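Participant: Structure provided below as structure tokens; questions to follow.
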Amino acid sequence: NGKGSTCAQLVAGLIRAGYHVGLFSSPHLISIEERVRVDGKAISKDDFDAALQQIRDLDCELTFFEITYLTSLIACRDAGVSIMVLETGLGGRLDATRSAEVVACLVTSISLEHSDILGDTIEKVAREKAAIWRPGIPMLIRDPGNARVRNAMRDEAISARFYSPEPSTFMDEAGDLAEMLCSMIGYSFIRRPISWPARMQYIPGEQNYLLEAAHNPSGMRRAIPEIATILPERWSLLLGTSPQQDMDAFLAPIYELMRAVPPVEVITTEPQNGRYPGVENPLNGVKHIEKPDAALDSFSEESDLIVVIGSLYLCGNILSHLGLNADIVY
């Protein structure tokens, strides 16, 4: 959690400081070209396809993530960027992004997820996440607040610096991490508020929306209290998610929010175009509409805000339905 938001803050702050910045991130919300951005905007389909063709010409087997990663390197090289920000996939010593020569590394959070690959304890996951470090390279880690986890990370990254941002909004904390990392390596960074699609993204209009891509228990625990601070009395909820390792833990913050401020309407749906199928009826006893666009259109006009949460893919479905793009606004 927090990787994409911190990458977006890095990109925006570096652009304002005069750098020509490339970004590789995943997954995409609407189009695959979003995985490769130059100065905050997705590259064109033609530029993406031209870079991709060079990967297709290679005689080797690659995963989808590896293909898009290599495509981003070629596209950003051809665009002449002066610095590139790379978001890991799962993170860890086997992540494809670890093949790049870097000037700094950053770990934004540690939680027990992808345990089949990263490890079945929080300490094992922490050790794997810290393994993106390279000797002699500055590394910043958001302090996990747990001595065992901190020690596990130090086993892999002996020179890492741990940092605890002041409690704030999710995007402000991401900005703190980005600014601190740039100060560690002597890069100029000019900070101002940004909008990063699907991360506490407020969309005003005849109907107001709030899109939040929290998609696991730790993300929900972090996002829901922030949502609660801006929630109007009359609000509605659109929830959709992929399978969870612990569905009860994932849903607990949502139930707490609904008890504190009862919504006008609740509809569940199934995110489309994701790596995993959407979960049918994650909340028992409420209306379920399979397709996100149909679900969104079925709400009444009585709500001052519709909160869309539970999946990055769901947020992408909704952005597409509303005719919006996924550029970084800085």
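The sequence shown lines up with residues 42 to 371 when you count with the numbering used here. Glycine residues also receive a C-beta, built at the ideal position from the N, C-alpha and C atoms. This structure is a prediction, so every number in the text was calculated from the model and none was measured.
1. So does the segment 283-295 actually touch the segment 258-268, counting three or more Cβ pairs closer than 8 Å?
2. Is the beta carbon of Leu360 sitting closer than 8 Å to the one on Pro238?
3. Which partner residues does Thr309 have in the DSSP bridge list?
4. What does the alpha-carbon distance come out to for the pair Ala92 and Ile84?
5. If you run the structure through DSSP and keep just helix, strand and coil, what is Gln285?
6. Taking just the CA atoms, how far does Ala367 sit from Thr270?
7. Can you tell me where the alpha helix (DSSP H) holding Tyr354 begins and where it ends?
8. Might you give, ordered along the chain, the residues of its own chain that have their beta carbon closer than 6 Å to the beta carbon of Arg78, omitting 5 neighbours on each side?
9. Return the residue from the list Gly315, Val144 and Leu218 that minimises the CA-CA distance to His69.
10. Measure the alpha-carbon distance for Asn358 versus Leu337 and round it to whole angstroms.
11. Measuring CB atoms only, is the segment 246-258 touching the segment 339-358, in the sense that at least three cross pairs come out at less than 8 Å?
12. To the nearest angstrom, how far is it from the Cα of Asn192 to the Cα of Ala201?
13. Could you have a look at Glu169 and say whether DSSP puts it in helix, strand or coil?
14. Just to confirm before moving on: does the CB-CB distance between Arg233 and Arg57 stay below 8 Å?
15. Beta-carbon within less than 6 Å of Gln50's beta-carbon, same chain only, minus the 5 sequence neighbours each way: which residues are those?
16. Measuring alpha carbon to alpha carbon, tell me which of Ser229, Phe211, Met225 and Tyr250 ends up nearest Ile235.
17. With distances taken Cα to Cα, identify the nearest neighbour of Pro323 among Asp334, Val307 and Ala335.
18. For Arg275, which residues from the same chain have a beta carbon less than 6 Å from its beta carbon, with the 5 sequence-adjacent residues on both sides left out?
19. Please determine, among Leu363, Tyr204 and Met125, the residue with the shortest C-alpha to C-alpha distance to Glu247.
20. Could you check if Arg168 is buried or exposed, using at least 16 other CB atoms within 10 Å of its CB as the buried criterion?
21. Determine the burial state of Ile369: buried for a count of at least 16 other Cβ atoms within 10 Å of its Cβ, exposed for fewer.
22. Is DSSP giving Phe105 helix, strand or coil here?
23. Under a Cβ-count criterion, where at least 16 other Cβ atoms within 10 Å of its own Cβ denotes burial, should Arg76 be classed as buried or exposed?
24. So what's Ile347 in DSSP terms, helix, strand or just coil?
25. Is it buried or exposed, Ile350, if we count other Cβ atoms within 10 angstroms and call 16 or more buried?
26. Give the secondary structure of Arg262 by DSSP, where H, G and I count as helix, E and B as strand, and everything else as coil.
27. When the Cα atoms are used, what is the spatial distance from Ala188 to Met194?
28. Can you check which of these residues, Gln286, Val62 and Gly81, is closest to Tyr371 by C-alpha distance?
29. Measuring CA to CA, which of Leu147, Glu342 and Val190 is closest to Val166?
30. Let's test the definition: count the other Cβ atoms within 10 Å of the Cβ of Val126 and tell me whether it reaches 16, buried, or not, exposed.
31. To the nearest whole angstrom, what separates the beta carbons of Gly281 and Thr309, a pair I think is in contact under 8 Å?
32. Out of Ser229, Arg183 and Leu135, point me to the one whose CA is closest to Gly43's CA.
33. Consult DSSP for Phe340 and reduce its assignment to one of helix, strand or coil.
34. Would you report the Cα separation of Pro303 and Pro333, rounded to the nearest angstrom?
35. For Val148, is the classification buried or exposed, using 16 other Cβ atoms within 10 angstroms of its Cβ as the cut-off for buried?
Facilitator: By the coordinates alone:
1. yes
2. The count along the sequence shown starts at 1 and reaches residue 360 at position 319. The count along the sequence shown starts at 1 and reaches residue 238 at position 197. Cβ atoms of Leu360 and Pro238: closer than 8 Å.
3. On the sequence shown, residue 309 is found 268 positions in, with the first residue counted as 1. In DSSP, Thr309 forms a bridge with Leu280 and His329.
4. Within the sequence shown, residue 92 is the residue found at index 51, counting from 1. Within the sequence shown, residue 84 is the residue found at index 43, counting from 1. Taking the straight line joining both Cα atoms gives about 11 Å.
5. Sequence index remark: in the sequence shown, residue 285 carries index 244 (1-based). Gln285: coil per DSSP, three-state reduction.
6. The residue given as residue 270 occupies position 229 in the sequence shown. The residue given as residue 367 occupies position 326 in the sequence shown. Each residue's alpha carbon lies about 25 Å from the other.
7. Counted from its first residue, the sequence shown places residue 354 at position 313. Leu353 to His362 is the extent of the alpha helix (DSSP H) around Tyr354.
8. Translated into the one-based positions of the sequence shown, residue 78 becomes position 37. Within the same chain, Arg78 has close Cβ partners Leu64.
9. Position 28 of the sequence shown holds residue 69. For the residues Gly315, Val144 and Leu218, the minimum Cα distance to His69 belongs to Gly315.
10. Counting from 1 along the sequence shown, the entry for residue 358 is found at position 317. Counting from 1 along the sequence shown, the entry for residue 337 is found at position 296. Taking the straight line from one Cα to the other gives about 10 Å.
11. yes
12. Taking the first residue of the sequence shown as position 1, residue 192 is located at position 151. Taking the first residue of the sequence shown as position 1, residue 201 is located at position 160. Approximately 11 Å, taken between the alpha carbons.
13. The sequence position of residue 169 within the sequence shown is 128, counting from 1. Helix.
14. Residue numbering aside, residue 233 sits at position 192 when the sequence shown is read from its first letter. Residue numbering aside, residue 57 sits at position 16 when the sequence shown is read from its first letter. Contact flag set, yes.
15. Taking the sequence shown and counting its residues from 1, one reaches residue 50 at position 9. Cβ within range, chain order: Ala215, Gly216 and Ala219.
16. On the sequence shown, position 194 is the one that residue 235 refers to. The option with the nearest alpha carbon to Ile235 is Phe211.
17. For the purposes of this step, residue 323 is taken as the residue at position 282 of the sequence shown. Nearest C-alpha to Pro323: Val307.
18. On the sequence shown, position 234 is the one that residue 275 refers to. Same-chain partners within the cutoff: Val305, Ser344 and Asp345.
19. For the purposes of this step, residue 247 is taken as the residue at position 206 of the sequence shown. With distances taken between Cα atoms, Glu247 lies closest to Leu363.
20. The count along the sequence shown starts at 1 and reaches residue 168 at position 127. Per the 10 Å Cβ criterion, buried.
21. Here residue 369 corresponds to residue number 328 of the sequence shown, with the count starting at 1. That one is buried.
22. Start at 1 with the first residue of the sequence shown, and residue 105 comes out as number 64. In this structure, Phe105 counts as helix in the three-state DSSP scheme.
23. Taking the sequence shown and counting its residues from 1, the one referred to as residue 76 is at position 35. Buried.
24. Here residue 347 refers to the residue found at position 306 when the sequence shown is read from its first residue. Strand.
25. Residue mapping note: residue 350 aligns to position 309 of the sequence shown, counting from 1. Answer is buried; the Cβ neighbour count reaches 16.
26. Against the sequence shown, residue 262 aligns to sequence position 221. DSSP places Arg262 in helix when its eight states are reduced to three.
27. Your numbering for residue 188 matches position 147 in the sequence shown. Your numbering for residue 194 matches position 153 in the sequence shown. So the two alpha carbons sit approximately 10 Å from each other.
28. Your numbering for residue 371 matches position 330 in the sequence shown. Per the Cα distances, Gly81.
29. Your numbering for residue 166 matches position 125 in the sequence shown. Ranking the options by Cα distance to Val166, first place goes to Val190.
30. On the sequence shown, residue 126 is found 85 positions in, with the first residue counted as 1. It is buried - the Cβ of Val126 has at least 16 other Cβ atoms within 10 Å.
31. The sequence position of residue 281 within the sequence shown is 240, counting from 1. The sequence position of residue 309 within the sequence shown is 268, counting from 1. The Cβ separation is near 6 Å, so the contact holds.
32. Walking along the sequence shown from the start, residue 43 turns up at place 2. When only C-alpha atoms are compared, the closest one is Arg183.
33. On the sequence shown, position 299 is the one that residue 340 refers to. Residue state, collapsed to three classes: coil.
34. Position 262 of the sequence shown, counted from the start, is the residue given in the question as residue 303. Position 292 of the sequence shown, counted from the start, is the residue given in the question as residue 333. If you take the alpha carbons of Pro303 and Pro333, they lie about 22 Å apart.
35. Along the sequence shown, one-based indexing puts residue 148 at 107. The residue is buried, with at least 16 neighbouring Cβ atoms inside 10 Å.
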